[in-house]
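Colleague: Note that the protein sequences, when read in sequence, are chains E and F.
Using our numbering, read the first sequence as starting at 3 and increasing by one per residue.
Using our numbering, read the second sequence as starting at 421 and increasing by one per residue.
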Amino acid sequence: MLELRLVQGSLLKKVLEAIRELVNDANFDCSATGFSLQAMDSSHVALVALLLRSEGFEHYRCDRNISMGMSLNNMAKMLRCAGNDDIITVKGDDGSDTVTFMFESPTQDKISDFEMKLMDIDSEHLGIPEAEYHAIVRMPSAEFARICKDLSSIGDTVVISVTKEGVKFSTKGDIGTANIVCRQNSSVDKPEEATTVEMNEPVSLTFALRYMNSFTKATPLSNQVTISLSNELPVVVEYKIAEMGYVRFYLAPKIEE
Amino acid sequence: MNRQKSILSFFQKA
């Protein structure tokens, strides 16, 4: 028996919109810790890890660990039927091949339930080792989204370089080149507008912009994005979900031959 | 040319 009641149902809607471009089908894992997912894109270049901690739900009942395979497109179709202010409850029974999403309007005058078929998904769970990152950049998520979108009209890849000066995003394509430098500005009044750069060692890595742009679908989840970089390791692009957890995207770099 | 690495060359199956 599984019953998860999320008062801020819009969070689940935003989570689905954030990951469904990258991953088609995935197993949602439910345990005492929370509601989580780990999945790779079909080319095994990127990985998404989601955690919604049990404490973030108004009601969280999960009698035993359960894994539910879902088509993210179908799940998004159902969640789009929930209002942005609706309370969403996810219900499942042991051994059932369906999951139910219940939507309650804030005034309780409209209650809907949508039953979705589950699917069997073979997925490999990967161990993600703890890593010391050479550089950690925190910046407004909307700014990062803007940069990825702008650069993808010039080139296909982005070189992200971190130095004492700040973080530089560069691309080149048939029509020319582009460089965008963001400097630290932690003195701004509003913390959500701050850009901070923690650097232990200079880093410069190349990534496919197509994936970066896909990660920025998570922008509505958080005002800030954290980009953790180490030479020749996957970059981690993290969007925190207030008081609940996170969506983390891992992207393997492109290596010079 | 840049070669795209796979995520599987960094993270092992758990």
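All C-beta atoms, glycine included, are put in the ideal place defined by N, C-alpha and C.
Mind pulling the alpha helix (DSSP H) runs of 4 or more residues that sit fully within the segment 52–113 of chain E?
Modeller: Entirely contained in the segment 52–113 of chain E, the alpha helix (DSSP H) runs reaching 4 residues are, in chain order, 74–81.
Colleague: Which value, in whole angstroms, describes the spacing of the CA atoms of G94(E) and S154(E)?
Modeller: As a working note, residue 94(E) is residue 92 in the first sequence. As a working note, residue 154(E) is residue 152 in the first sequence. When rounded, the distance between both Cα atoms is 41 Å.
Colleague: Where does the unbroken alpha helix (DSSP H) through K15(E) begin, and where does it stop?
Modeller: By 1-based counting over the first sequence, the position of residue 15(E) is 13. K15(E) -> alpha helix (DSSP H) spans 12–21.
Colleague: Please state if the CB of D158(E) and the CB of L74(E) are separated by a distance shorter than 8 Å.
Modeller: For the purposes of this step, residue 74(E) is taken as residue 72 along the first sequence, with counting starting at 1. For the purposes of this step, residue 158(E) is taken as residue 156 along the first sequence, with counting starting at 1. Cβ atoms of L74(E) and D158(E): not closer than 8 Å.
Colleague: Go ahead and label R66(E) buried or exposed: buried means 16 or more other beta carbons lie within 10 angstroms of its beta carbon, across all protein chains shown.
Modeller: Along the first sequence, one-based indexing puts residue 66(E) at 64. Its Cβ having fewer than 16 others within 10 Å, R66(E) is exposed.
Colleague: Assign A144(E) to one of three DSSP states: helix, strand, or coil.
Modeller: Position 142 of the first sequence, counted from the first residue, corresponds to residue 144(E). Looking at A144(E) - three-state DSSP - the assignment turns out to be helix.
Colleague: Are the CB atoms of F209(E) and V190(E) nearer to each other than 8 Å?
Modeller: In the first sequence, the residue the question calls residue 209(E) occupies position 207. In the first sequence, the residue the question calls residue 190(E) occupies position 188. No, the pair does not count as a contact, with Cβ atoms beyond the cut-off.
Colleague: Using a Cβ-Cβ cut-off of 8 Å, state whether K256(E) counts as contacting chain F.
Modeller: As a first step, residue 256(E) is located in the first sequence; it is residue number 254 there, counting from the start. Closer than 8 Å: yes.
Colleague: When the Cα atoms are used, what is the spatial distance from V199(E) to M104(E)?
Modeller: In the first sequence, the residue the question calls residue 199(E) occupies position 197. In the first sequence, the residue the question calls residue 104(E) occupies position 102. Distance between the alpha carbons of V199(E) and M104(E) is about 42 Å.
Colleague: How about L14(E) and L81(E): are their beta carbons less than 8 Å apart?
Modeller: Taking the first sequence and counting its residues from 1, one reaches residue 14(E) at position 12. Taking the first sequence and counting its residues from 1, one reaches residue 81(E) at position 79. Yes. Within cutoff.
Colleague: Nearest-angstrom Cα distance between Q226(E) and N187(E)?
Modeller: Locating residue 226(E) in the first sequence gives position 224, counting from the first residue. Locating residue 187(E) in the first sequence gives position 185, counting from the first residue. Distance between the alpha carbons of Q226(E) and N187(E) is about 14 Å.
Colleague: What are the residues in the segment 66–95 of chain E lying within 7 Å of chain F by C-beta distance?
Modeller: Under the 7 Å Cβ criterion, the segment 66–95 of chain E contributes no residue.
Colleague: Can you pull the chain F neighbours of V47(E), defined as C-beta to C-beta under 9 Å?
Modeller: Here residue 47(E) corresponds to residue number 45 of the first sequence, with the count starting at 1. Ordered by position in chain F, the residues that pass the 9 Å Cβ test against V47(E) are Q424, K425, S426, I427.
Colleague: Kindly indicate which three-state DSSP category S33(E) falls into: helix, strand or coil?
Modeller: Position 31 of the first sequence, counted from the start, is the residue given in the question as residue 33(E). Here S33(E) sits in coil by DSSP.
Colleague: Do I229(E) and V160(E) have their C-beta atoms within less than 8 Å of each other?
Modeller: The residue labelled residue 229(E) in the question sits at position 227 within the first sequence. The residue labelled residue 160(E) in the question sits at position 158 within the first sequence. Not closer than 8 Å, so no.
Colleague: In chain F, which residues lie with their C-beta within 8 Å of the C-beta of G157(E)?
Modeller: Counting from one through the first sequence, the residue named residue 157(E) turns up at place 155. Neighbours of G157(E) on chain F: none; closest Cβ ~12 Å, over 8 Å.
Colleague: If you compare alpha carbons, which of V183(E), T165(E), G178(E) is closest to F2(E)?
Modeller: No answer is possible for residue 2(E): it lies beyond the span of chain E, which begins at 3 and ends at 259.
Colleague: Nearest chain F C-beta to E126(E) closer than 8 Å, yes or no?
Modeller: Taking the first residue of the first sequence as 1, we reach residue 126(E) at position 124. Closer than 8 Å: yes.
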